[in-house]
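Undergrad: These protein sequences, in sequence, are chains A and B. Mapping of the first sequence onto the numbering used here: residues 1108 to 1412, in sequence order. Mapping of the second sequence onto the numbering used here: residues 5 to 273, in sequence order.
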Amino acid sequence: MLDLSVSLAPDLRCKNPILTASGTFGYGLEFAPYGDLASLGGMVVKGLSLKPRKGNPAPRIAECACGMLNAIGLQNDGVEAFLKHTLPRLPWRETAVMTNLYATAPEEFAALADILSAEEGVAALEINVSCPNVREGGIAFGQDPVMAASVTRAVKQAARNTPVIVKLSPNVTDITRIAKAVEDAGADALTCINTLSAMGVDVKTRKALLANVIGGLSGPAVKPVALRCVWQVSRAVTIPVIGVGGIASVEDVLEFILVGAHAVQAGTMNFSRPDFAFRLAEELPAACMRLGIDDLAAFRSSLQV
Amino acid sequence: MLASHFVELTVLDLIPFGRESTPQTFALHLSPPPWKNYTPGQFVMLRPASWGSEFPWARPFSISRAGEIDLVCFIQVAGRGTARLAGLKAGDAVHVWGPLGNGFVVEADSPTLLLAGGVGIAPFIGYAQKHPKPRNVSMLFGHRAPLDCYPVDSMNERIELNSMQENEPADLDRFIAALRARMEEYAGKSGLALACGPLAFLRTVQQLAAQTGLRTQLSLESRMACGVGACLGCVATTTDAWPVPGKTHWPVQTCNHGPVFWANHVLLD
């Protein structure tokens, strides 16, 4: 039996490399009717902030060719509601439940990290320094190596032994500069990539498709960008990279691993069919066998150039 | 709440309505789902198995019928996705998940007024069929396309149905006047109104519900990506009357908190 388990940090071992991307899998429970959450390597739940957030006005989403735009604006019920009502219902002993953190200042990120890292059920903290849909922060942290590093340090110091993952934005000139800066600041792993800054319009109504005008592009359309980012980042850092962006099949999973990813996150395609991530986990062993892959670690970064 | 399932069903038939060469409304008959029970007003997400990445989203549709024979959705072509669905052929595979969301209330002994606008008639096909005392149910149906574009025949047999076609602007005023008259009548007999249709229509019904005091439910239509409450794309904003403490004036998903809401519980922006 092929060993698909993967270590993303000293205290973070996943049974397989299939995770779900923050914002595309709710808090996990929404998908429980469609598969066994415990069969996943892990899940990154919808971004959490210290206080509840209403998010952006509607319309918040729009379909486009091979993808979608979103400007949800990080609507969430706040960290306390998650810990009280949701986490106890998740199978966190069987699968890695990772929380995605959103804040507008390093101190707030640290406060979130302090609260979440005290929870046995939280396997890792993923820092959202790259959400393009909120005005007051996010993107600024993700686009500036110094800011990104300061947030990483603040979270790392507050996070006890809980691994810290930084989710990077592709909306930068050189993603490896940010990657190296947050690695130096103590990040245990990196997630590449968040959505691409984008917009859509309607010539009949002369309105933007999103109330926020600008949103994030995700889905199969962004996969080539994500592959490029994972390829560049995994060669620039020594910490594990989690690949995300437009994965639509188990072959796509292997493409990300081939260019250097330790694990992947299924994202937008979770919306196309709610059993999507479960199917990836189920299909991965057979796909490896078909392609003659008997050791995922050896296959990783084996791209011939 | 009934458990939701993901299944691959097969197209049994696609029946176009109306006489246009390119029908704009059709009934999609799929092979029977593993679930037999649902509440009218609930919906399913449909996505043909052949759709690749170009259309990443499934599309939400009210359930018009579900049982041992088939699953039926009544669909109007409204955009690129529904235009593609109109081309489905018998034998094609379709991914389906549902039943989703909350349906309409059924009160056997309450005089119940169904208010449908256009393709908003879809959930009422099942409602009329399943209601234990159909003599207590009547419908006011406003539509733009000719009446034969809609599946009214099966409903005529079960419930009283009045239809009004909009051919010119003055027809809209007449329809709104009829809505007001019927809602006042049902308010007077402590009845119930259930509405489904375009946003402008729902806004009118919502205003009339507030003015007449008639207990009214609205089925909202919204752009949805997932249908299961995860994407947070389909939100509506709650009012002071929303029953969950701390969640008034808060965005809630139309898919799993609706699509049927009490008219005084949500804002229709």
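All residues carry an ideal CB built from backbone N, CA and C; glycine is no exception. Predicted, not measured: the structure shown is a model, and the values here were computed from it.
How would you call LEU1398/A, buried or exposed, if buried means at least 16 neighbouring beta carbons within 10 angstroms?
TA: As a position in the first sequence, residue 1398/A is number 291, starting the count at 1. The residue in question, LEU1398/A, is exposed, as its Cβ has fewer than 16 Cβ neighbours within 10 Å.
Undergrad: In angstroms, rounded to a whole number, what distance separates the CA positions of VAL1113/A and TRP39/B?
TA: Mapped onto the first sequence, residue 1113/A falls at position 6. Mapped onto the second sequence, residue 39/B falls at position 35. So the alpha carbons of these two residues sit roughly 38 Å apart.
Undergrad: Give a yes or no on whether 8 Å exceeds the smallest Cβ distance from TYR1209/A to chain B.
TA: The residue labelled residue 1209/A in the question sits at position 102 within the first sequence. The Cβ of TYR1209/A sits no closer than 8 Å to any Cβ of chain B.
Undergrad: Report yes if the CB atom of LEU1176/A is closer than 8 Å to the CB atom of GLY1322/A, and no otherwise.
TA: Numbered from 1 along the first sequence, position 69 holds the residue referred to as residue 1176/A. Numbered from 1 along the first sequence, position 215 holds the residue referred to as residue 1322/A. Against a cut-off of 8 Å, the Cβ pair of GLY1322/A and LEU1176/A comes out as a contact.
Undergrad: Taking Cβ positions, are ILE1125/A and GLY1148/A nearer each other than 8 Å?
TA: Position 18 of the first sequence, counted from the start, is the residue given in the question as residue 1125/A. Position 41 of the first sequence, counted from the start, is the residue given in the question as residue 1148/A. Result yes, Cβ atoms of ILE1125/A and GLY1148/A sit closer than 8 Å.
Undergrad: Of all the CB atoms in chain B, is at least one closer than 8 Å to the CB of GLY1245/A?
TA: Here residue 1245/A refers to the residue found at position 138 when the first sequence is read from its first residue. Confidence at GLY1245/A is low in this model, with a pLDDT of 49, below 50, so the placement of that residue should be treated as unreliable; the coordinate-derived value is given next. False, the Cβ-Cβ gap to chain B never drops below 8 Å.
Undergrad: Write down the C-beta distance between GLY1353/A and ALA1388/A rounded to the nearest angstrom, noting that I regard them as a contact closer than 8 Å.
TA: Here residue 1353/A refers to the residue found at position 246 of the first sequence. Here residue 1388/A refers to the residue found at position 281 of the first sequence. With 8 Å as the limit, GLY1353/A and ALA1388/A do not qualify as a contact, their Cβ atoms being about 18 Å apart.
Undergrad: Looking at chain B, which residues of the segment 1146–1164 of chain A have a Cβ within less than 7 Å of any of its Cβ atoms?
TA: LYS1161, GLY1162
Undergrad: In chain A, what lies closer than 7 Å to GLU58/B by C-beta?
TA: To locate residue 58/B, count along the second sequence from 1; it is residue 54. Near GLU58/B (Cβ distances below 7 Å), the residues of chain A are ALA1172, CYS1173.
Undergrad: Going along chain B, which residues have a C-beta under 9 Å from GLY1133/A?
TA: For the purposes of this step, residue 1133/A is taken as the residue at position 26 of the first sequence. For GLY1133/A, the neighbours in chain B by C-beta distance under 9 Å run, in chain order, CYS230, VAL232, GLY233, ALA234, CYS235, LEU236.
Undergrad: Say whether the segment 239–257 of chain B touches the segment 205–219 of chain B, bearing in mind that this needs 3 or more beta-carbon pairs closer than 8 Å, one atom from each stretch.
TA: By the Cβ criterion, the segment 239–257 of chain B is not in contact with the segment 205–219 of chain B, since fewer than three pairs of Cβ atoms, one from each stretch, lie closer than 8 Å.
Undergrad: Per the contact definition of three or more C-beta pairs closer than 8 Å, is the segment 1155–1171 of chain A in contact with the segment 260–267 of chain B?
TA: The segment 260–267 of chain B is not in contact with the segment 1155–1171 of chain A.
Undergrad: So which of PHE128/B, VAL123/B, VAL76/B, PRO37/B has the shortest CA-CA distance to TRP101/B?
TA: One-based indexing of the second sequence puts residue 101/B at position 97. Of PHE128/B, VAL123/B, VAL76/B, PRO37/B, the residue nearest in Cα terms is PRO37/B.
Undergrad: Is there contact between the segment 1336–1349 of chain A and the segment 1306–1322 of chain A, where contact requires at least three CB pairs shorter than 8 Å?
TA: As far as the Cβ criterion goes, the segment 1336–1349 of chain A does not touch the segment 1306–1322 of chain A, which means the pair count is below three.
Undergrad: From what residue to what residue does the beta strand (DSSP E) around ALA1384/A run?
TA: Translated into positions along the first sequence, residue 1384/A becomes position 277. Not the beta strand (DSSP E): ALA1384/A falls in the alpha helix (DSSP H), residues 1383–1397.
Undergrad: Could you tell me the distance, in whole angstroms, from the CA atom of SER142/B to the CA atom of CYS1171/A?
TA: Within the second sequence, numbered from 1, the residue matching residue 142/B stands at position 138. Within the first sequence, numbered from 1, the residue matching residue 1171/A stands at position 64. So the alpha carbons of these two residues sit roughly 41 Å apart.
Undergrad: At 3 residues or longer, and completely inside the segment 140–166 of chain B: list those beta strand (DSSP E) runs for me, N to C.
TA: 141–147
Undergrad: Does the beta carbon of GLY1326/A sit closer than 8 Å to a beta carbon anywhere in chain B?
TA: As a first step, residue 1326/A must be located in the first sequence, where it is residue number 219. Yes, GLY1326/A lies at the interface with chain B (some Cβ there is under 8 Å from its Cβ).
Undergrad: Comparing alpha-carbon positions, which option in VAL1279/A, THR1131/A, ARG1260/A lies nearest ASP1221/A?
TA: Residue numbering aside, residue 1221/A sits at position 114 when the first sequence is read from its first letter. Of VAL1279/A, THR1131/A, ARG1260/A, the residue nearest in Cα terms is ARG1260/A.
Undergrad: Once DSSP output is grouped into helix, strand and coil, what is the label at SER54/B?
TA: Along the second sequence, read from residue 1 onward, the residue named residue 54/B stands at position 50. Looking at SER54/B - three-state DSSP - the assignment turns out to be coil, as it is neither helix nor strand.
Undergrad: Got a sec: which bits of the segment 1346–1371 of chain A sit with their beta carbon under 9 Å from any beta carbon on chain B, in order along the chain?
TA: GLY1353, ALA1355
Undergrad: Check whether chain A comes within 8 Å of MET5/B, counting only Cβ atoms and requiring the distance to be less than that.
TA: If you number the second sequence from 1, residue 5/B lands on position 1. Annotation note: pLDDT 45 at MET5/B (below 50); position unreliable, coordinate value reported separately. Not closer than 8 Å to any Cβ of chain A, the Cβ of MET5/B fails to qualify, so no.
Undergrad: Under DSSP, the beta strand (DSSP E) around GLU12/B begins and ends at which residues?
TA: The residue labelled residue 12/B in the question sits at position 8 within the second sequence. Counted as a single uninterrupted DSSP element, the beta strand (DSSP E) harbouring GLU12/B occupies residues 9–21.
Undergrad: Would you please verify whether the beta carbon of PHE10/B is less than 8 Å from any beta carbon of chain A?
TA: As a first step, residue 10/B is located in the second sequence; it is residue number 6 there, counting from the start. So yes, PHE10/B belongs to the interface.
Undergrad: Could you tell me which of ALA1405/A, LEU1297/A, LYS1330/A sits nearest to THR1283/A, measuring between CA atoms?
TA: The residue given as residue 1283/A occupies position 176 in the first sequence. Minimum Cα distance to THR1283/A is reached at LEU1297/A.
Undergrad: Give me the DSSP bridge partner(s) of SER66/B.
TA: Your numbering for residue 66/B matches position 62 in the second sequence. Answer by DSSP bridge pairing, in chain order: PHE47/B.
Undergrad: What are the complete alpha helix (DSSP H) segments, minimum 4 residues, inside the segment 1263–1299 of chain A?
TA: 1282–1291
Undergrad: DSSP has ILE1349/A in a bridge; who is on the other side?
TA: Within the first sequence, numbered from 1, the residue matching residue 1349/A stands at position 242. According to DSSP, which records beta bridges pairwise, ILE1349/A is partnered with THR1298/A, ALA1370/A.
Undergrad: So which residues of chain A does VAL81/B contact, with C-beta pairs closer than 8 Å?
TA: The residue labelled residue 81/B in the question sits at position 77 within the second sequence. Going along chain A, no residue has its Cβ under 8 Å from VAL81/B, so there is no contact; the nearest lies around 16 Å.
Undergrad: Show which residues of chain A have a CB atom less than 9 Å away from the CB atom of ARG227/B.
TA: Working through the second sequence from its first residue, we reach residue 227/B at position 223. What ARG227/B touches in chain A: ALA1165, PRO1166, ARG1167, ILE1168, ALA1169, GLU1170.
Undergrad: So the candidates are LEU1190/A, ALA1405/A, LEU1324/A; which of them puts its Cα closest to the Cα of GLY1174/A?
TA: Here residue 1174/A is taken as the residue at index 67 of the first sequence, counted from 1. For GLY1174/A, the nearest C-alpha among the options comes from LEU1324/A.
Undergrad: Check whether the Cβ of ARG88/B lies closer than 8 Å to any Cβ atom in chain A.
TA: Mapped onto the second sequence, residue 88/B falls at position 84. Not closer than 8 Å to any Cβ of chain A, the Cβ of ARG88/B fails to qualify, so no.
Undergrad: 8 Å is my cut-off, CB to CB: does ARG51/B come that close to chain A?
TA: Translated into positions along the second sequence, residue 51/B becomes position 47. Chain A, which has a Cβ nearer than 8 Å to the Cβ of ARG51/B, makes this yes.
Undergrad: Return the CA-CA distance between ALA234/B and ALA1212/A, expressed in angstroms with no decimal places.
TA: Start at 1 with the first residue of the second sequence, and residue 234/B comes out as number 230. Start at 1 with the first residue of the first sequence, and residue 1212/A comes out as number 105. Roughly 26 Å separates the two Cα atoms.
Undergrad: Any Cβ of chain B within less than 8 Å of the Cβ of SER1375/A?
TA: What you label residue 1375/A is simply residue 268 of the first sequence in a count that begins at 1. The residue you asked about is not Ser; residue 1375/A is Thr in the sequence shown. Among the residues facing chain B, THR1375/A is included, as its CB has a counterpart in that chain under 8 Å away.
Undergrad: Using a C-beta cutoff of 8 Å, does PHE1138/A count as contacting chain B?
TA: As a position in the first sequence, residue 1138/A is number 31, starting the count at 1. True, the Cβ-Cβ gap to chain B drops below 8 Å.
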